[in-house]
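Residue numbers (our numbering), protein chains in the order written: chain D, 1 to 372; chain G, 1 to 372; chain C, 1 to 372; chain A, 1 to 372. From the three backbone atoms N, C-alpha and C, an ideal C-beta is built for every residue, glycine too. Encoded as structure tokens, the structure appears first; notes follow it.
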């Protein structure tokens with residue numbers, strides 16, 4: 001028997017693609033360790049473990065990274081009000097460095113020289129995964145089959161994968177492929193590709209699994225009181241039934257549950273890709289370290305409570321308070337005289353208008369000269 | 001009889017404050033011309049005219065600025081996606097320069113040396129009004145009674161105004177003062193002051209007049225198709241009944257009507273003020289001229305259609321298309337090989353990761369030296 | 001004798017203006033404490049002390065703030081590469097909060113309710129001084145005579161001050177007033193006003209006192225090696241004579257001495273003022289605290305040596321090195337193959353060009369349609 | 001004889017590298033058209049033409065792009081005050097799209113399917129050249145030998161090129177290779193690589209060819225008056241001898257001549273590369289089109305005269321004036337009362353300090369609570 005080319009830690013999902021990749025890597029002469037992150041997605045992890053072992057994985061790691069995902073990735077994004085194009089909460093981008101960090105950790109522990117993944121050569125995921133790996137372990141070698149001609153020329157479509165699966169005893173999915181691809185974690189589900197690639201098409205209603213349709217969501221709202229410290233939620237209380245959550249992961253999951261029940265959080269967006277258009281994925285970089293530090297510093301005094309109502313696909317702000325707010329009702333009140341004389345405002349406006357008057361005078365002078 | 005101190009064009013609303021100001025200005029020896037802008041608010045303009053004349057206004061101007069408000073102020077804001085603190089559409093700020101521009105126009109036409117308004121000495125409106133006036137006519141004199149000690153020391157509260165009104169035959173409102181103040185135009189209504197000054201309080205439901213409560217709004221959505229050219233809407237079609245609007249003002253009013261019917265557009269926000277905190281109001285300034293030019297240039301190719309659904313307080317995007325979009329379904333498709341080799345992505349990632357690897361190497365070297 | 005209105009700490013310079021203000025304040029019924037900051041200017045401090053006492057100051061503080069000026073104000077500016085309009089090092093703006101901080105300290109210690117200064121009502125200094133005072137002690141009352149009608153209407157020109165001085169035994173300057181005003185500290189001298197107000201005029205050569213004229217400066221350079229840690233100089237060595245300086249204040253003074261000897265550091269600039277144009281002076285504000293923190297964080301790894309030559313009004317960089325630089329000679333060398341395959345660059349360029357090709361294709365399509 | 005693979009337009013310099021590439025391309029089966037841009041460099045163009053023909057070029061284009069370089073590339077950069085890292089005027093980056101645009105033009109005219117260049121796989125030039133070509137003609141095929149394994153594995157060093165040259169009758173340079181590489185055009189000369197790769201090394205004095213050493217430059221300055229319109233120079237007058245230049249190219253060349261005579265314009269900088277670090281090269285892109293438009297718009301009123309002195313490596317500003325300046329000597333004068341009351345400044349400062357006082361009060365309250 002030929003000698004092994006080395007050990008690969010493969011990011012394994014249990015699906016058709018990465019199952020074929022697992023077998024193909026062995027075929028190429030590698031030892032394969034399968035790694036599956038539990039980041040809050042709906043998945044039968046034990047079945048996936050059995051399947052990977054059955055396909056020849058030397059070892060299987062199923063790692064729960066949910067809590068670190070919330071605390072080390074989602075909370076900094078909350079502090080930064082991180083929103084992609086004013087609406088997308090970056091649920092996929094934030095998960096990738098969290099998943100890949102653990103993959104590198106396993107590779108180091110196992111003395112593996114290689115990591116591998118099933119991401120395509122067109123999307124952002126390949127970039128996010130690989131930049132994380134290279135940043136954390138510059139010497140690592142990455143095997144990206146979907147970018148290797150010997151792989152992508154052999155597997156030109158789903159039928160080629162199905163044939164290969166049948167031939168190698170890989171369980172073949174009995175349900176037809178869904179007409180889109182999906183990414184799920186405890187923060188969100190996103191769908192893309194397939195029929196969703198035409199931005200003119202409406203997303204079919206059956207696609208939503210985390211949020212109720214607002215048309216059939218409850219007719220009475222849930223009112224939540226959320227307490228913040230240092231810019232992140234530290235406690236949520238449901239005023240209806242008094243339920244509370246205080247631990248980061250449980251609190252986050254609870255907020256998603258209530259929001260989902262009321263149809264809150266559905267968006268439809270045409271994404272830009274790094275490949276071709278857009279820059280993202282540099283979580284482990286000096287500039288991102290620096291930005292996280294500064295954002296976090298800026299949130300030190302962000303503290304207080306907000307009361308919100310979740311209802312029919314919307315979140316309404318009902319009230320807010322903070323012991324550290326610069327807001328001073330007496331100072332701003334239209335009904336009370338505050339800390340200054342109304343006539344001070346005259347000086348303020350006079351001085352702010354100086355340059356506008358000067359600009360106007362100049363424009364007139366230039367115009368006059370042109371009319372001479 | 002004493003000689004007139006000159007002519008004032010007063011921005012008149014028909015309410016208690018500006019009615020008292022009108023009489024007070026006459027008392028001070030000015031001729032007063034009352035000016036009331038029709039900018040889409042719900043108002044009995046003819047009654048206001050009669051009242052102003054009865055109080056001694058030499059002349060009354062009621063000017064419809066609705067269309068120019070949409071075309072010259074709202075559309076540029078739409079092109080810029082102008083959003084204050086990510087949610088407020090700036091309905092008040094945009095209206096002020098439009099109203100004040102007409103006031104200056106009237107003052108010039110009437111040979112008036114003065115303009116006057118009823119804005120307080122604490123808010124942003126005084127700044128917006130006066131910067132506009134000074135920018136358009138640097139020599140103008142502004143009378144802002146609420147900043148003049150002889151006025152604000154005499155009228156310390158509503159009761160003083162009521163007494164003055166009774167004494168001078170100014171009709172006194174029979175309904176109690178609403179517990180907030182309000183600004184309305186065709187773009188929005190905003191409420192502030194009074195019980196709303198405590199940001200912990202929820203806005204009382206009775207306050208909303210332009211939007212239905214989502215709890216009682218229709219159970220079926222309206223689906224609108226909106227066509228854009230140069231970054232502004234040029235046609236709206238309601239797919240339910242085929243209704244269309246194409247003219248700027250009618251189109252804008254129709255969109256507000258449908259949105260209001262479905263409870264779309266309610267926000268609750270703690271605003272910053274220029275006095276003390278925040279910079280705004282420089283519509284007529286060289287930098288704002290320049291920004292408007294550049295924004296407008298950037299929108300030249302923004303063209304296409306978007307289909308949206310208005311339902312229960314939300315707007316959902318159903319689909320969009322543009323003949324000028326850089327989006328190319330074939331190029332981005334995950335299912336089709338586009339214009340480049342998947343292996344190109346390897347080079348792309350390798351080169352993007354170079355500096356991350358180098359940074360890691362350096363960090364290790366420095367760490368090692370520190371451990372020596 | 002009438003009762004005192006309270007105690008004022010006056011920022012006193014020893015010159016005609018603040019001497020008159022000192023006497024005038026006493027005339028108004030205040031107790032006056034004179035405060036003169038030693039911030040590195042060329043001044044006879046003891047003479048100023050005697051003069052203030054002779055004019056009736058109850059007490060005189062002469063405070064050396066040179067070292068804190070370098071360490072707490074100049075160094076953060078160096079870390080930030082703070083440059084106003086790409087050339088002015090902000091020597092005046094940085095000094096003001098340093099001087100005013102000490103003034104507030106004295107006022108607190110002496111239980112004074114007032115501070116006063118001789119800045120005019122047009123410049124930036126009044127803003128810098130007063131914002132510092134208000135930020136550090138919000139209850140302080142500020143007496144700014146040049147903005148008080150009872151003062152500025154009495155002293156309309158220099159002659160009025162001279163007359164007042166003669167009448168009150170204030171020593172009158174024997175030399176004619178220089179045709180400009182000047183601000184000096186250990187960081188710089190700036191001149192403004194008078195004949196300098198016409199930006200078309202060349203600054204007269206006699207005005208320069210800190211820098212030699214490059215036409216007559218030495219014909220051989222000084223070569224300095226400057227060592228940085230955390231973004232600030234920590235050691236300077238003159239390679240000619242081996243002289244070194246390591247302590248912040250001495251180092252800064254030495255660099256200025258050598259630079260001045262070679263005519264380095266002369267600029268001519270038309271400044272914007274806060275009054276009317278420009279925002280500055282918020283050293284003690286939450287946003288400036290935050291920016292200083294972030295800048296300082298960004299400089300943690302800025303470390304190394306730079307060799308420079310000062311010669312004929314110029315500084316030439318001769319070489320630089322850093323143990324923490326990301327620069328890696330081997331990696332970037334054109335002569336050595338580094339960490340990647342040249343063919344990777346092909347993939348990199350292909351992917352970067354994708355959208356340009358797509359844009360061109362689209363432009364052609366749109367152009368074609370327009371020509372149909 | 002075998003059929004041609006097609007026609008290549010090769011950016012030819014006359015040097016060893018591109019001469020070898022020319023012959024190698026023919027060896028690979030291509031027809032070669034040599035193209036040499038005259039962009040102001042010091043070059044024997046006729047000799048280069050003869051050499052290219054002798055080596056087998058089917059045709060040689062020598063194109064003078066100097067004037068379009070000044071007017072279409074340098075002037076927009078001047079309008080934008082484009083400075084890389086606060087000191088480098090981008091002389092190389094600006095030249096590349098100008099050169100490549102002409103190359104594409106020739107390729108189209110000649111019906112060539114290919115363009116080729118001698119840039120390495122590490123630098124920025126490959127990116128600038130190729131992005132320009134792809135943007136202007138997306139279908140073009142680019143042959144970059146230094147990134148093709150069959151080329152770079154064959155020519156590992158200068159010796160391999162020399163051997164190849166000898167074998168194929170390519171004239172071999174008799175002088176030893178200079179210990180750096182150089183890029184020259186009418187705007188600048190830059191040097192890099194070789195002994196310059198160590199940033200600690202001082203650039204050897206012999207390297208400078210466009211600027212005199214300030215140590216030996218004239219002891220009297222030249223005084224120039226430069227007149228601007230729309231943000232670009234339109235006329236230069238030397239006050240010493242009255243010489244003037246008004247045409248863009250002649251004016252630019254003259255300014256360089258005078259500056260060079262006085263040693264003005266030497267810088268030493270460590271550059272970032274696109275490959276690995278830095279983004280540049282997108283001259284032909286929608287965002288750069290847009291930025292150029294906006295910059296140009298911003299310069300419409302930039303007009304006036306500046307008098308400068310060039311002396312000993314420095315440019316000193318002596319005076320400036322503009323008929324469109326907002327600067328108003330009377331308004332800003334410290335000696336004249338301008339358009340506002342000094343007491344207005346009190347209101348201005350009071351209102352600007354409001355939030356600082358409030359912040360201080362809050363800080364004290366929070367601190368007090370923590371000390372309870």
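Check	Outcome
C-beta neighbour in chain A for residue 297/G, strict 9 Å	yes
Limits of the beta strand (DSSP E) - the one that residue 36/D falls within	30-38
Against chain A: residues of the segment 123-134 of chain G by CB proximity under 9 Å	none
The segment 60-75 of chain D in contact with the segment 241-257 of chain D per 3-pair CB rule at 8 Å	yes
Where residue 270/D meets chain G, residues with beta-carbon distance less than 9 Å	320, 325 and 327
Host alpha helix (DSSP H) of residue 252/G (start-end)	248-261
Given residue 158/G as reference, the closest of 141/G, 149/G, 214/G and 179/G once Cα atoms are compared	179/G
Neighbouring residues, chain C, relative to residue 290/D (Cβ below 9 Å)	294, 297 and 298
Coarse secondary structure for residue 27/C, derived from DSSP in three states	helix
Residues from the segment 79-109 of chain C in contact with chain G, defined by Cβ distance under 7 Å	none
Cβ neighbour criterion (16 or more within 10 Å) applied to residue 344/C	buried
Residue 277/D versus residue 25/A - alpha carbon distance	Here the model assigns residue 277/D a pLDDT of 40, short of 50, so the residue's position is not dependable, and the following value carries that caveat. If I take the Cα positions, the gap works out to 34 Å.
Residue nearest to residue 388/C in terms of C-alpha spacing, selected from 220/C, 190/C, 125/C and 244/C	Any property of residue 388/C remains undetermined from this structure, which presents chain C solely from 1 to 372.
Chain-order list of residues whose beta-carbon lies under 6 Å from that of residue 223/G (same chain, five-residue window excluded)	239 and 309
Closest residue to residue 75/D among 351/D, 368/D, 295/D and 305/D (Cα-Cα distance)	295/D
Chain D contacts made by the segment 227-244 of chain A, where a contact means CB separation under 9 Å	none
Bridge partner(s) assigned by DSSP for residue 222/D	310/D
3 or more residues per run - each beta strand (DSSP E) lying fully within the segment 126-176 of chain D	141-143
Alpha-carbon spacing of residue 260/D relative to residue 87/A, whole angstroms	54 Å
Same chain only: Cβ atoms within 7 Å of residue 192/A, ignoring 5 sequence neighbours per side	180 and 181
Residue 218/C Cβ short of 8 Å to the ligand GDP heavy atom set	Only the bare structure without any ligand can be found here, which leaves the ligand GDP out of the picture.
Own chain partners of residue 263/C with C-beta closer than 7 Å, once the 5 adjacent residues on each side are dropped	211, 212, 213, 214, 217, 312 and 313
Supposed close pair residue 99/G, residue 203/G - CB separation, criterion 8 Å	That belief does not hold up - the Cβ atoms of residue 99/G and residue 203/G are roughly 26 Å apart, past 8 Å.
The alpha helix (DSSP H) enclosing residue 60/C, as first and last residue numbers	No alpha helix (DSSP H) holds residue 60/C; the beta strand (DSSP E) holding it covers 59-64.
Chain D contacts made by the segment 341-356 of chain A, where a contact means CB separation under 7 Å	343, 344, 345, 346, 347, 348, 350, 351, 354 and 355
CB contact check: residue 172/A to chain D, cutoff 9 Å	no
Residues, ordered as in the chain, of the segment 155-183 of chain A that lie near chain C by beta-carbon distance below 8 Å	181
Secondary structure of residue 11/G, DSSP reduced to three states	strand
Cross-chain neighbours of residue 283/A in chain C, by beta carbon under 9 Å	Neighbours of residue 283/A on chain C: none; closest Cβ ~10 Å, over 9 Å.
Interface flag, residue 366/G vs chain C, CB-CB below 9 Å	yes
Cβ neighbour criterion (16 or more within 10 Å) applied to residue 123/D	buried
Beta carbon proximity, residue 261/D to chain A, threshold 9 Å	no
Residue 19/D versus residue 31/D: straight-line alpha-carbon distance, rounded	14 Å
For residue 285/C, the nearest candidate out of 359/A, 324/A and 351/A (CA to CA)	359/A
Residue from 299/C, 155/C, 184/C and 103/C whose Cα sits closest to the Cα of residue 60/C	103/C
7 Å Cβ cut-off: residues of chain A touching residue 152/C	342
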